[in-house]
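Trainee: Read left to right, the sequence shown gives residues 18 to 332 (the numbering used here).
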Amino acid sequence: MRIKDLPAPVTASKADWLPGTAWLGFTPSGNDVAARSQCQSTIQRQFGRGYIIEYATKGFEKPNPGFEKHPAYLMDREKHTNLAGRLISIHKLRTSARKLEIILGPDDFKRLQDMWAQGGKRYRWSVAFPIIESYDIVDRPLAKDILGEASYHRLYRQTSATLRVLNDDERAVIANLELSEAKAVNAWIGIEDEIKMAVDSEIDPRTQRLVDQDLAVLEGMTEERKISLKVRAAWQAGKFVRERQRLGRLTCDNCGFDPTTIFDESQIKPRSLLEVHHKNPLAEGVRYTTIADYALLCPTCHRVEHARLRLTKRS
Ligand SMILES: [Zn+2]
Ligand SMILES: [Zn+2]
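1. Out of GLU195, LEU159, THR38, point me to the one whose CA is closest to GLY102's CA.
2. Which of the three DSSP states, helix, strand or coil, is assigned to GLU241?
3. Give me the Cα-Cα distance between ASP49 and THR224, rounded to the nearest whole angstrom.
4. Quick test of your reading: ALA29 and VAL182, contact by CB under 8 angstroms. State the CB separation rounded to the nearest angstrom.
5. Does ligand 2 have even one heavy atom less than 7 angstroms from the beta-carbon of LEU23?
6. Using CA atoms only, rank isn't needed, just tell me which of GLY122, ASP281, LEU267, PHE280 is closest to LEU291.
7. Check the C-beta distance from LEU110 over to ILE154 and give it rounded, since I have them as a contact under 8 angstroms.
8. List the endpoints of the continuous alpha helix (DSSP H) containing GLY165.
9. Around the C-beta of CYS272, are 16 or more other C-beta atoms found within 10 angstroms, so that it is buried, or is it exposed?
10. Which residues in the same chain as ARG19 place their Cβ atom closer than 8 angstroms to its Cβ, once the five residues preceding and following it in sequence are excluded?
11. Given this structure, state the Cα-to-Cα distance separating ASP162 from SER106, to the nearest angstrom.
12. What is the residue span of the beta strand (DSSP E) that LYS31 lies within?
13. So is the beta-carbon of GLN230 under 7 angstroms away from any non-hydrogen atom of ligand 2?
14. By the three-class DSSP mapping on this structure, what secondary structure does PRO45 have?
15. If you run the structure through DSSP and keep just helix, strand and coil, what is LEU314?
16. Determine the burial state of GLU209: buried for a count of at least 16 other Cβ atoms within 10 Å of its Cβ, exposed for fewer.
17. Please look up how many angstroms separate the CB atoms of ARG94 and PHE77, rounded, as I've assumed it's under 8 angstroms.
18. Is DSSP giving ARG223 helix, strand or coil here?
19. In terms of DSSP beta bridges, what is ILE70 paired with?
20. In angstroms with no decimal places, state the Cα-to-Cα distance between THR306 and PRO82.
21. Using the rule of at least 16 other Cβ atoms within 10 Å of the residue's Cβ for burial, across every protein chain shown, is PHE146 buried or exposed?
22. Return yes when the C-beta of LEU227 is under 7 angstroms from any heavy atom of ligand 2, and no when it is not.
23. Between ILE337 and TYR169, what straight-line distance do the alpha-carbon atoms span, to the nearest angstrom?
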């Protein structure tokens, strides 16, 4: 898959010398609640509903005295030599920040501050957003080669405590970069938060019924867990259908069937002749699934698809 296949645009970039794997952290201007919430809302506004592209800076920071030979530091520095100056990954962050101390646990948080806190201010990266979806950029190209000199300088010349917001031209030049899915250990945070949102929302019963059928394959979990995952999946499926309605793409993804070629939209709604289908039901509860996991199918293609799935399951 390529960047342009993601279900939302890449809205901003993070430049750092330590690549994020489980979370991305930002350092507020102070350790009080006001400074933290200001930092949090700035970052949220910058990435909005989009993805973040991560750039590894050329330089690598020095740790606090006493840590120059620490194995964790040496390992990070070694890893960095292959990443410096490159576009390395794409992340989706959970929009509600949790304190880094909560995400890491108190011991790891302490170790991180011992090593990297600046001037004794022990709140470095304390505004942290869990990474719930992650992709490696294949071949990790040099940022300058992809973006060109002007954009490269605009985005990364100065250090910044926040993100750098991408413009449409920059989005266009990264659109074809190839991605490979990476494991996001904090996917569960996004899933749990959305289960709560889904339970409180109104879900179309027809969508729920179809999603329930697709998710009948889930095994090895409690009934209660299955129900939670089905509700969240139906909530996502609803988002998927609304997105297709917004785009005016109410046709079968398999055969191209377009209800408006038979009926006038005022007589029969095209949506009523199409069914939502979950393409990767076994991924539910495992990774952070999105609207990209759904298809819109005509009833015949949907039946054929399920027949095919039954056959592959049997063999
Ligand atoms: Zn069809
Ligand atoms: Zn289905």
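From the three backbone atoms N, C-alpha and C, an ideal C-beta is built for every residue, glycine too.
Mentor: Considering the structure as presented:
1. LEU159
2. helix
3. 45 angstroms
4. 5 angstroms
5. no
6. LEU267
7. Not a contact, Cβ separation roughly 17 angstroms.
8. 160-173
9. exposed
10. ALA192, ASN193, LEU194, GLU195, LEU196
11. 16 angstroms
12. 27-33
13. yes
14. coil
15. strand
16. exposed
17. 6 angstroms
18. helix
19. SER30, ILE107
20. 43 angstroms
21. buried
22. yes
23. Nothing about residue 337 can be reported from this structure: the residues present for the chain run from 18 to 332 only.
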